[in-house]
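Chains as they are written, first to last, in numbering that gives the first Met the number 0: chain S, 0 to 662; chain L, 0 to 264. Think of the CB as a built atom: it goes at the ideal place given N, C-alpha and C, for glycine as much as any other residue. Quick notes on the structure that follows.
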Amino acid sequence: MQRIGVFVCHCGTNIAATVDVKAVAEALGREPGVIVSQDYQYMCSESGQNLVKNAIKEHKLTGVVVCSCSPRMHENTFRNAAASAGLNPYLVEIANIREQCSWIHKDIASATEKAIILGKAAVAKVHLNAPLTAGESPVVKRALVIGGGIAGIQTALDIAEAGFDVDIVEKKPTIGGKMAQIDKTFPTLDCAACILTPKMVEASQNEHITIHSYSEVADVKGFVGNFTVTIKKKARFVDETKCTGCGLCTEKCPMKKVPNEFNMGFDNRSAIYIPFAQAVPKVATIDPNNCMMMKTGKCGVCSKVCSAGAIDYKQEDRLIEQQYGAIVVATGFEPIKLDKYDEFAYNQCPDVVTSLELERLMNAAGPNGGTLLRPSDKTHPHKIVFVQCVGSRCDDSKGKPYCSKICCMYTAKHAMLIREKYPDTEVYVFYIDVRTPGKNFDEFYRRAVEQYNVHYIKGMVGKVTPRSDGKIDVQASDLLANEQLHIDADMVVLAAAIEPDKTARPLATMLTTQMDTNDFFTEAHPKLRPVESATAGIFLSGACQGPKDIPETVAQASAAAAKAIVLLVKNSITCNPCVAHSDELMCNGCSSCEKVCPYGAITYIDKEFKMPDRTIAVRRVASVNPAVCQGCGACTVACPSGAMDLNGFSNSQIIAEVDAICK
Amino acid sequence: METFTYYPGCTLRTKAKTLDVYARASAKALGIGLEEPADWQCCGGAYTTAKDEIATKLSAVRTLNAAKTAGRPLITVCSACHNVIKQTNYDISHDDEMASKVNSYLGLDEPYCGEATVYHYLEMLRDVIGFDELAKKVVNPLTGKKIAAYYGCLLLRPSKALAMDDPENPTIIEDFIRALGGTPVIYAQRNECCGGYIALEDKAQAQKRSNSVMKSAEDQGAEMVITACPLCMYNLRKNGGSALPVYYFTEILAEALGVKGDDNE
Numbered sequence: 000m001q002r003i004g005v006f007v008c009h010c011g012t013n014i015a016a017t018v019d020v021k022a023v024a025e026a027l028g029r030e031p032g033v034i035v036s037q038d039y040q041y042m043c044s045e046s047g048q049n050l051v052k053n054a055i056k057e058h059k060l061t062g063v064v065v066c067s068c069s070p071r072m073h074e075n076t077f078r079n080a081a082a083s084a085g086l087n088p089y090l091v092e093i094a095n096i097r098e099q100c101s102w103i104h105k106d107i108a109s110a111t112e113k114a115i116i117l118g119k120a121a122v123a124k125v126h127l128n129a130p131l132t133a134g135e136s137p138v139v140k141r142a143l144v145i146g147g148g149i150a151g152i153q154t155a156l157d158i159a160e161a162g163f164d165v166d167i168v169e170k171k172p173t174i175g176g177k178m179a180q181i182d183k184t185f186p187t188l189d190c191a192a193c194i195l196t197p198k199m200v201e202a203s204q205n206e207h208i209t210i211h212s213y214s215e216v217a218d219v220k221g222f223v224g225n226f227t228v229t230i231k232k233k234a235r236f237v238d239e240t241k242c243t244g245c246g247l248c249t250e251k252c253p254m255k256k257v258p259n260e261f262n263m264g265f266d267n268r269s270a271i272y273i274p275f276a277q278a279v280p281k282v283a284t285i286d287p288n289n290c291m292m293m294k295t296g297k298c299g300v301c302s303k304v305c306s307a308g309a310i311d312y313k314q315e316d317r318l319i320e321q322q323y324g325a326i327v328v329a330t331g332f333e334p335i336k337l338d339k340y341d342e343f344a345y346n347q348c349p350d351v352v353t354s355l356e357l358e359r360l361m362n363a364a365g366p367n368g369g370t371l372l373r374p375s376d377k378t379h380p381h382k383i384v385f386v387q388c389v390g391s392r393c394d395d396s397k398g399k400p401y402c403s404k405i406c407c408m409y410t411a412k413h414a415m416l417i418r419e420k421y422p423d424t425e426v427y428v429f430y431i432d433v434r435t436p437g438k439n440f441d442e443f444y445r446r447a448v449e450q451y452n453v454h455y456i457k458g459m460v461g462k463v464t465p466r467s468d469g470k471i472d473v474q475a476s477d478l479l480a481n482e483q484l485h486i487d488a489d490m491v492v493l494a495a496a497i498e499p500d501k502t503a504r505p506l507a508t509m510l511t512t513q514m515d516t517n518d519f520f521t522e523a524h525p526k527l528r529p530v531e532s533a534t535a536g537i538f539l540s541g542a543c544q545g546p547k548d549i550p551e552t553v554a555q556a557s558a559a560a561a562k563a564i565v566l567l568v569k570n571s572i573t574c575n576p577c578v579a580h581s582d583e584l585m586c587n588g589c590s591s592c593e594k595v596c597p598y599g600a601i602t603y604i605d606k607e608f609k610m611p612d613r614t615i616a617v618r619r620v621a622s623v624n625p626a627v628c629q630g631c632g633a634c635t636v637a638c639p640s641g642a643m644d645l646n647g648f649s650n651s652q653i654i655a656e657v658d659a660i661c662k
Numbered sequence: 000m001e002t003f004t005y006y007p008g009c010t011l012r013t014k015a016k017t018l019d020v021y022a023r024a025s026a027k028a029l030g031i032g033l034e035e036p037a038d039w040q041c042c043g044g045a046y047t048t049a050k051d052e053i054a055t056k057l058s059a060v061r062t063l064n065a066a067k068t069a070g071r072p073l074i075t076v077c078s079a080c081h082n083v084i085k086q087t088n089y090d091i092s093h094d095d096e097m098a099s100k101v102n103s104y105l106g107l108d109e110p111y112c113g114e115a116t117v118y119h120y121l122e123m124l125r126d127v128i129g130f131d132e133l134a135k136k137v138v139n140p141l142t143g144k145k146i147a148a149y150y151g152c153l154l155l156r157p158s159k160a161l162a163m164d165d166p167e168n169p170t171i172i173e174d175f176i177r178a179l180g181g182t183p184v185i186y187a188q189r190n191e192c193c194g195g196y197i198a199l200e201d202k203a204q205a206q207k208r209s210n211s212v213m214k215s216a217e218d219q220g221a222e223m224v225i226t227a228c229p230l231c232m233y234n235l236r237k238n239g240g241s242a243l244p245v246y247y248f249t250e251i252l253a254e255a256l257g258v259k260g261d262d263n264e
């Protein structure tokens with residue numbers, strides 16, 4: 000006979016305000032096998048856990064049901080409590096009467112009734128629970144960081160400093176990301192390159208860090224502690240080990256009319272190029288879409304001038320495979336495309352630019368050597384209008400519903416830098432709200448208004464009309480003065496919303512991690528586990544998780560590194576024992592389970608069986624690799640003969656739960 | 000020959016005869032049949048945004064129901080008529096309360112719930128005939144003509160209901176101009192309001208609006224402006240303060256198709 004204990008949590012008023020917890024404890028106390036049933040204000044607290052532990056010892060319990068919050072929250076807490084009291088942790092069941100009951104209901108009577116039913120189902124299940132023992136699997140002491148912007152670089156440096164090998168996979172020819180394109184950083188106005196490039200160099204020189212630039216993650220297999228990742232090293236047609244980065248090939252290349260991505264297309268680069276002077280690794284890359292040799296087979300100038308003999312027109316994409324214990328995602332962000340915002344004439348007028356484009360126009364290493372000139376006629380602009388929230392905080396399908404967070408501050412920075420360098424230039428900023436939470440942020444914004452006389456106008460720009468005389472008519476409303484304005488501007492700067500990089504979604508599929516509706520990676524808990532994904536062993540760094548400025552990105556990057564290090568220092572990790580297993584006598588080797596297994600955990604073996612007539616027959620049966628199985632249960636549903644079953648969630652346990660609910 | 004139910008609207012019988020005449024002539028040249036419902040009425044004039052204002056939408060529903068009964072998509076030409084009819088059709092198919100009120104007023108044989116398909120003449124050219132096919136039928140290409148497309152406000156908005164093109168960055172009339180061999184001129188004010196009915200009450204305001212449209216088109220080097228709206232035509236011509244000629248889109252269509260002389264109806 001089972002001896003089951005039921006523990007009903009009030010969760011302060013979270014549960015107790017809607018569910019009559021005493022009535023639940025009383026009703027479940029009458030269930031068969033239940034010998035003790037109690038309620039308590041906070042079951043997860045130390046005294047609440049002691050209540051469970053003492054009851055296990057005192058009543059020699061063989062099963063425990065905790066009616067509380069979601070198992071995602073505290074299942075482990077109560078399993079550990081049970082284990083410390085000598086009960087197998089897998090004999091604990093959680094009935095979720097908070098998220099699935101008290102939080103979503105208003106009527107006390109019906110919520111109480113539902114809580115009792117959920118409790119009964121858990122009691123019915125625990126009757127059939129079997130003790131399970133978790134196995135162990137080794138941890139590969141190497142980490143992968145996907146994305147080589149400031150987030151990925153910081154994470155890699157921190158992991159390397161702890162003594163672990165770490166690989167950075169970066170899709171572009173150089174690491175550095177968006178920060179490499181930025182001129183100055185808020186709120187201190189220090190030079191972005193001066194704080195970023197030393198870190199890039201540090202990453203390239205660290206003996207523990209390997210940089211796979213111009214590479215992509217092609218496939219991910221395995222699980223926490225033991226991922227197998229295929230990395231596609233795209234052919235750059237230059238031997239990285241031979242190229243010295245001298246740049247002679249880029250000077251001699253006859254094809255010089257390729258828009259330079261790094262300078263946002265404001266100038267041109269050659270077909271063989273090094274993205275910028277401080278690129279890491281400093282090796283050339285041939286852009287095959289523009290290279291004469293690749294397109295027509297006639298040229299070969301770079302090959303002739305390269306004294307290192309690094310040019311290899313026949314180079315092909317290469318796949319390499321590597322094992323990792325932990326993976327950190329640091330894929331970053333992109334500004335949105337502005338095609339749907341033609342009221343701002345972005346596609347019509349070259350002097351309407353995005354803020355990232357302005358960064359390049361103002362950058363000392365940019366197309367104009369740091370002098371701000373209009374792209375159209377290279378004249379000095381005397382009146383500049385900034386438009387904030389272009390695509391951010393939008394309630395329609397055109398834009399993004401969220402605040403992009405960084406735009407208020409960088410716009411204040413741009414406005415201030417322009418007023419500082421060109422006091423004869425008038426600067427207008429149109430805003431919905433100015434949002435400046437952050438250390439020294441509001442002081443920074445106020446300096447732009449008070450010290451630098453930037454005209455901040457609450458209201459939005461309705462129409463931007465380029466004129467043939469070169470001026471741009473900006474029609475806007477001033478909501479505080481309640482009047483319509485027309486400004487004859489020389490330039491318009493749009494603070495475009497930011498969105499996750501396009502590679503994030505396919506990557507999330509490979510990693511089996513979750514994303515939100517905006518394609519930002521979802522953290523395991525919005526407050527308490529901000530740098531872990533819900534998939535074990537996958538960590539999140541930087542803007543791939545949500546809009547972030549540089550200080551926040553770096554903080555999160557180091558936090559993600561710390562979490563990855565916590566995993567890597569372990570020699571082995573406990574596996575989930577709730578995995579599938581096949582009853583070989585019932586299995587007919589049909590392959591249905593293999594086809595649905597998303598983890599590739601099922602293989603088939605030919606096994607000898609003694610038949611009833613004493614003959615030996617060889618039959619093909621399914622075999623589950625418990626280290627790879629994630630316990631999703633897809634195979635148990637697909638199996639036509641009922642041979643597949645899942646430990647901890649057996650078919651009989653689930654039927655028992657359903658029966659208890661329907662009784 | 001494909002035949003559509005054709006709704007001209009009142010203005011096309013009075014002030015905007017040319018819009019109608021060239022629409023018919025061109026359709027004939029393109030092998031499209033246009034059949035007017037026997038007893039059509041005014042579209043309702045302007046679409047009222049009051050949710051409970053049903054009466055002014057009834058005549059639009061009658062037209063829609065005529066198309067439904069005839070079993071043919073409805074073609075409109077005038078921007079204002081199109082806006083009223085298409086919005087009414089959208090609302091009646093998305094708002095059950097409105098549909099039930101309208102149907103209790105009208106007492107039709109069978110209730111009308113948004114079954115008809117509404118095309119603007121330009122959409123018919125784009126989606127039924129196709130601009131590539133249209134280009135093949137052009138006999139007098141408008142080569143070298145710099146033409147500014149004026150959308151105004153009614154043709155594209157509200158974009159959810161009208162679903163014709165991107166309201167901020169439309170391409171349909173520019174593609175139409177290209178099909179006729181002309182060169183479209185992109186100018187910022189092409190989808191701004193001309194002033195509309197405010198011309199009756201505050202002429203200065205209409206002049207300001209129309210003038211900014213005409214100046215913007217002129218500024219970008221346009222040689223002519225085309226529109227689908229009789230009210231826009233009025234404002235741009237009378238209140239635009241510009242020497243730039245304004246034509247209906249159907250007129251340049253008829254010219255390109257070589258049927259401009261056939262307007263003897």
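Exercise for review: Kindly say whether A344(S), judged by its beta-carbon, lies nearer than 9 Å to any beta-carbon of chain L.
Suggested key: yes
Point to revise | Among I251(L), R208(L), F3(L), T182(L), the one whose alpha carbon lies nearest that of I74(L) | key: F3(L)
Review point. Quick one: is H211(S) buried, meaning 16 or more other Cβ sit within 10 Å of its Cβ, or exposed?
Key: buried
Check your understanding: Using the beta-carbon of each residue, which ones in chain L are nearer than 7 Å to R466(S)?
Key -> D218
Practice item. Kindly list the residues whose CB is nearer than 7 Å to the CB of C80(L), restricted to its own chain and excluding five residues on each side of it in sequence; keep chain order. Key: Y6, G8, C42
Exercise for review: Measure from the C-beta of D19(S) to each C-beta in chain L and report whether the shortest distance is under 9 Å.
Suggested key: no
Practice item. Could you tell me the boundaries of the beta strand (DSSP E) in which R619(S) lies? Key: 615-623
Review point. Where S391(S) and A495(S) are concerned, what is the direct C-alpha to C-alpha distance, given to the nearest angstrom?
Key: 7 Å
Practice item. Determine which residues of the stretch 165-178 of chain L have a Cβ less than 7 Å from any Cβ of chain S, and write them out in chain order. Key: D165, E167, N168
Review point. Going by other Cβ atoms of all chains shown within 10 Å of its Cβ, with 16 needed for buried, is D661(S) buried or exposed?
Key: The amino acid occupying residue 661(S) in the given sequence is Cys; Asp does not appear at that position. The residue is exposed, with fewer than 16 neighbouring Cβ atoms inside 10 Å.
Practice item. Spell out whether any CB of chain L is found under 9 Å from the CB atom of K255(S). Key: no
Exercise for review: With DSSP as the reference, label A495(S) as helix, strand or coil.
Suggested key: strand
Exercise for review: Evaluate F608(S) with the Cβ neighbour count: other Cβ atoms within 10 Å of its Cβ, from every protein chain shown; 16 or more gives buried, anything less gives exposed.
Suggested key: exposed
Check your understanding: Is S571(S) buried or exposed, if buried means 16 or more other CB atoms sit within 10 Å of its CB?
Key -> exposed
Point to revise | CB of L27(S) within 9 Å of CB of C68(S), strictly | key: no
Exercise for review: Starting from C8(S), trace the beta strand (DSSP E) both ways and give me its first and last residue.
Suggested key: 3-8
Review point. Just the Cα atoms here: how many angstroms apart are V20(L) and S211(L)?
Key: 30 Å
Check your understanding: Hey, is Q289(L)'s beta-carbon within less than 9 Å of any beta-carbon in chain S?
Key -> Residue 289(L) lies beyond the stretch modelled for chain L, which goes from 0 to 264, so this question has no answer here.
**Study point:** Assumed close pair I96(S), A114(S) - CB separation to whole angstroms, cut-off 8 Å
**Key:** 4 Å
Practice item. Kindly identify the DSSP beta-bridge partner or partners of Y118(L). Key: I74(L)
Point to revise | According to DSSP, residues forming a beta bridge with P529(S) | key: Partner(s): none; P529(S) has no beta bridge.
Check your understanding: Applying a beta-carbon distance threshold of less than 8 Å, which residues of chain L neighbour V463(S)?
Key -> A187
Exercise for review: Note down, in chain order, all residues in the stretch 339-370 of chain S with a beta-carbon under 8 Å from any beta-carbon belonging to chain L.
Suggested key: K339, Y340, D341, E342, A344, N346, Q347
Check your understanding: Are the stretch 163-176 of chain S and the stretch 344-354 of chain S in contact at 8 Å, needing three or more beta carbon pairs?
Key -> no
Review point. Under a three-way DSSP split, which group does T132(S) fall into?
Key: coil
Check your understanding: In whole angstroms, what is the alpha-carbon distance linking T12(S) and Q37(S)?
Key -> 17 Å
**Study point:** Simplified DSSP state of L318(S), which is helix, strand or coil
**Key:** strand
Practice item. Closer than 7 Å by C-beta to A148(L): which residues in its own chain qualify, once you throw out the five before and the five after it? Chain order, please. Key: I172, E173, I176, P183, R189, I225
Check your understanding: At a cut of 8 Å, does the stretch 247-254 of chain S reach the stretch 300-314 of chain S through at least three beta carbon pairs?
Key -> yes
Review point. Around the Cβ of Q450(S), are there at least 16 other Cβ atoms within 10 angstroms (buried) or fewer (exposed)?
Key: exposed
Practice item. Under 8 Å by Cβ, that's how I've got V35(S) and H58(S) pegged, so tell me the actual separation to the nearest angstrom. Key: 5 Å
Review point. Among the residues of its own chain, which have a CB less than 6 Å from the CB of A221(L), if the five just before and after it don't count?
Key: K145, A147, V184
Check your understanding: Roughly how many whole angstroms lie between the Cα atoms of Y89(L) and R61(L)?
Key -> 15 Å
Point to revise | Through-space distance from T17(S) to H104(S), alpha-carbon basis | key: 7 Å
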